[in-house]
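If you want the working numbering, it's the 1-based position in the sequence shown plus 172.
Note that beta-carbon positions come from the ideal geometry of N, C-alpha and C, so glycine has one too.
Encoded as structure tokens, the structure appears first; notes follow it.
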Amino acid sequence: MAATPWYFVAVLLTILTSSQGILTTLSQSDGGYKYDYATVPFLAEVFKLIISGLFLWREMRTSSSTSSRITTDWKSVRLFVIPSLIYLIHNNVQFATLTYVDTSTYQIMGNLKIVTTGILFRLFLKRKLSKLQWMAIGLLAVGTTTSQVKGCGEASCDSLFTAPIQGYLLGILSAGLSALAGIYTEFLMKRNNDTLYWQNLQLYTFGSLFNVARLIADDFRHGYEKGPWWQRIFDGYSITTWMVVLNLGSTGLLVSWLMKYADNIVKVYSTSMAMLLTMVASIYLFSFKPTLQLFLGIIICIMSLHMYFSPPQTLVDLPVTNEAHPKTLKQVVVEEKTDS
Numbered sequence: 173m174a175a176t177p178w179y180f181v182a183v184l185l186t187i188l189t190s191s192q193g194i195l196t197t198l199s200q201s202d203g204g205y206k207y208d209y210a211t212v213p214f215l216a217e218v219f220k221l222i223i224s225g226l227f228l229w230r231e232m233r234t235s236s237s238t239s240s241r242i243t244t245d246w247k248s249v250r251l252f253v254i255p256s257l258i259y260l261i262h263n264n265v266q267f268a269t270l271t272y273v274d275t276s277t278y279q280i281m282g283n284l285k286i287v288t289t290g291i292l293f294r295l296f297l298k299r300k301l302s303k304l305q306w307m308a309i310g311l312l313a314v315g316t317t318t319s320q321v322k323g324c325g326e327a328s329c330d331s332l333f334t335a336p337i338q339g340y341l342l343g344i345l346s347a348g349l350s351a352l353a354g355i356y357t358e359f360l361m362k363r364n365n366d367t368l369y370w371q372n373l374q375l376y377t378f379g380s381l382f383n384v385a386r387l388i389a390d391d392f393r394h395g396y397e398k399g400p401w402w403q404r405i406f407d408g409y410s411i412t413t414w415m416v417v418l419n420l421g422s423t424g425l426l427v428s429w430l431m432k433y434a435d436n437i438v439k440v441y442s443t444s445m446a447m448l449l450t451m452v453a454s455i456y457l458f459s460f461k462p463t464l465q466l467f468l469g470i471i472i473c474i475m476s477l478h479m480y481f482s483p484p485q486t487l488v489d490l491p492v493t494n495e496a497h498p499k500t501l502k503q504v505v506v507e508e509k510t511d512s
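So this is what it looks like as structure tokens:
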């Protein structure tokens, strides 16, 4: 899979991410969930863990050099605890943020992770970006924000600047944690030559453990009124719910591939374009009314995509200079003989 072009994986990630929200909405019944939605990320982590284990087993059987690309030292393995902890804190910060701000404000503030990812990408991974690429990242944040802003005069438009200061601070913290988790995961994936499947196995093992801890904490908080989580884990599940689990798991596997063979900026563009694709699909599936802001946001994001990934010479018309071609040794010798 390492030979797969990164842009193919990015497009596939965009499609899966855009269908994630649609499938989640379709899995609802009577405006709510008949299943415990906390079990979905746990099953997704288990799915990723099983797939990574199968691919690692297959690779070990077919390649004799795989053993040299597996680091079993605990000092290296324990580093994978950190991104799982960051994601766990991020999920709790998300819920805390939504107690202070509405959904529209939260979505708009979430676009800060585009800029914070670029900053952390430069500071921690020491990856230099050109001025055009920085401008493209800024345009992407502007484009996604523009597409989410509703028309003036609506209640959601008026509520953008009326939330308590705690909501804005938590929103900034949420964006920073999301970017930090992605940057740190990329650092882990590229710090050595370990096979991707072994790195995924470590990452998703800790992810599964932390999700189990969350389910146990939820049971304890509610006094086990519905019984322990393992007895009701599949209650209310339908075909659509299983599709949500498979979609979420497959998305995670593609993200880890991009972290290994591409970078966080590619992931940011994939998820941002997926959000716009979801809005367009919602027009046909859920009678979503498109706005002028949505079309302007899509145009700005496409411009940003072109600016970031296109070669600079395709963006700027450089003057054509007629440089004199250096003479070959044969031409010099012939000219000397002619002069003599």
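| Query | Result |
| --- | --- |
| Under DSSP, the alpha helix (DSSP H) around L304 begins and ends at which residues? | 303-320 |
| With respect to the alpha helix (DSSP H) encompassing L375, which residues constitute its N-terminal and C-terminal limits? | 368-393 |
| Any idea what DSSP makes of S454, helix, strand or coil? | helix |
| Sort I355, V417, F180, Q338 by Cα distance to G290 and report the nearest one. | I355 |
| Helix or strand or just coil, what does DSSP make of G399? | coil |
| For K285 versus S224, is the C-beta distance shorter than 8 angstroms? | no |
| Restricting to Cα atoms, I'd like to know which of T367, M451, G469 is closest to I242. | T367 |
| Counting C-beta neighbours from all protein chains within 10 Å, is the total for K439 16 or more, i.e. buried, or is it exposed? | buried |
| In or out: N419 buried (at least 16 other Cβ within 10 Å) or exposed? | buried |
| Report yes or no: do the region 247-259 and the region 311-324 share at least 3 C-beta pairs separated by less than 8 angstroms? | no |
| Note down the Cα distance separating A348 from W178, rounded to an integer number of angstroms. | Looking at the sequence shown, residue 348 is not Ala but Gly. Distance between the alpha carbons of G348 and W178: 25 angstroms. |
| By Cβ distance, which residues of its chain are closer than 6 angstroms to S454, with the 5 residues on each side in sequence left out? | F460 |
| Just grab the DSSP bridge partners of G204 for me. | S201 |
| Can you check which of these residues, L295, S191, T277, L426, is closest to N372 by C-alpha distance? | L426 |
| Quick one: give me the first and last residue of the alpha helix (DSSP H) that T486 is part of. | 484-487 |
| Comparing alpha-carbon positions, which option in M361, T196, S191 lies nearest T413? | T196 |
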